[in-house]
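Position 9, counted from 1, in the sequence shown is what the working numbering calls 10; the numbers after and before it change by one each time, with no gaps. Cβ coordinates follow ideal geometry from the N, Cα and C atoms, glycine included. Source: prediction; values computed, not measured. Presented below is the structure to which this report refers.
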Amino acid sequence: MPRQSRQVSLDAPLGRGSKLTRNPQPSSDRFGRFSESFARAMGTSGFLIGMTVFVTLWLLWNSLAPVELQFDPKATNFTLLTLILSLQASYAAPLILLAQNRQDDRDRVQIEQDRQRAERNLADTEYLAREIVALRMALTERSSEMVTRDVLRGELKTLLEHLEKDERPEQTEDRVGVRVERAHRAERASS
2 MPRQSRQVSL
12 DAPLGRGSKL
22 TRNPQPSSDR
32 FGRFSESFAR
42 AMGTSGFLIG
52 MTVFVTLWLL
62 WNSLAPVELQ
72 FDPKATNFTL
82 LTLILSLQAS
92 YAAPLILLAQ
102 NRQDDRDRVQ
112 IEQDRQRAER
122 NLADTEYLAR
132 EIVALRMALT
142 ERSSEMVTRD
152 VLRGELKTLL
162 EHLEKDERPE
172 QTEDRVGVRV
182 ERAHRAERAS
192 S
């Protein structure tokens with residue numbers, strides 16, 4: 002009998018399979034989630050109240066009901082109730098420990114991620130600090146090279162006073178041209 006190959010067609014939806022054939026082996030993660038939900042439920046006030054009501058009803062029924070209707074009589078010291086509570090405790094303890102181990106694993110992963118994030122933040126902070134220092138140094142270097150407006154005005158005033166002091170009425174046109182040329186050179190040098 003030829004074996005049929007199972008090809009998935011992308012233009013048609015998958016048929017519904019039964020739950021048993023989809024994942025026949027239980028997943029450890031699924032069992033871990035179950036144990037966490039079980040441990041979480043046991044730690045609630047609702048569980049304590051429900052357990053108290055259950056035990057109280059059990060004791061009342063098996064103490065006050067007619068002997069024919071009692072299923073765990075007081076005469077046998079509530080053996081069935083003791084067995085049920087012991088079974089619950091024997092299953093609850095490992096499930097709680099499993100849930101605690103899973104929480105420890107999650108905490109370990111979270112701590113590692115926090116450590117890596119802190120290292121990245123430290124590296125980023127150090128980089129930004131180096132960049133700020135470089136910008137400050139460049140700005141200091143630039144500002145020491147730049148001539149401020151007040152300094153330039155003072156220099157031009159000094160040159161103007163110097164030129165006015167040198168100026169005499171008997172000077173010729175050539176002398177005036179030399180002074181103008183000096184003033185132009187001084188302006189070019191200052192800018």
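| Item | Value |
| --- | --- |
| Mind checking whether phenylalanine 79 and leucine 60 have CB atoms under 8 Å apart? | yes |
| Using the beta-carbon count (16 or more within 10 Å), is methionine 2 buried or exposed? | Bear in mind that the predicted position of methionine 2 carries a pLDDT of just 49, short of 50, making it too unreliable to give a figure here. |
| Do alanine 184 and leucine 164 have their C-beta atoms within less than 8 Å of each other? | yes |
| Taking only the alpha-carbon atoms, compute the straight-line gap between threonine 149 and aspartate 115 and give it to the nearest angstrom. | 50 Å |
| Would you tell me roughly how many angstroms separate the C-alpha atoms of leucine 86 and aspartate 108, rounded to the nearest one? | 32 Å |
| I'd like the span of the alpha helix (DSSP H) that includes methionine 152, first residue to last. | The question names methionine, but residue 152 is valine in the sequence shown. Where valine 152 is concerned, the enclosing alpha helix (DSSP H) stretches over 150-167. |
| If contacts are defined as beta-carbon pairs under 8 Å, then methionine 43 and alanine 93 qualify, I think. What distance do you get, rounded to the angstrom? | 6 Å |
| Measure the C-alpha to C-alpha separation of arginine 103 and serine 64 and round it to an integer number of angstroms. | 43 Å |
| What does a CB cutoff of less than 8 Å around threonine 53 pick up in its chain, not counting 5 residues either side in sequence? | none |
| Which whole-angstrom value describes the C-beta separation of leucine 99 and glycine 33, a residue pair presumed to lie in contact below a C-beta threshold of 8 Å? | 7 Å |
| Starting from the Cα of arginine 41, find the closest Cα among Leu96, Ala190, Ala187, Asp105 and give me that residue. | Leu96 |
| So, helix, strand or coil for alanine 184, using DSSP? | helix |
| Which class does proline 95 belong to by DSSP, given the choice of helix, strand or coil? | helix |
| Determine the DSSP secondary structure at threonine 83, reduced to helix, strand or coil. | helix |
| If you draw a straight line from the C-alpha of alanine 90 to the C-alpha of leucine 49, how long is it? | 14 Å |
| Quick one, are the C-beta atoms of alanine 187 and leucine 160 less than 8 Å apart? | yes |
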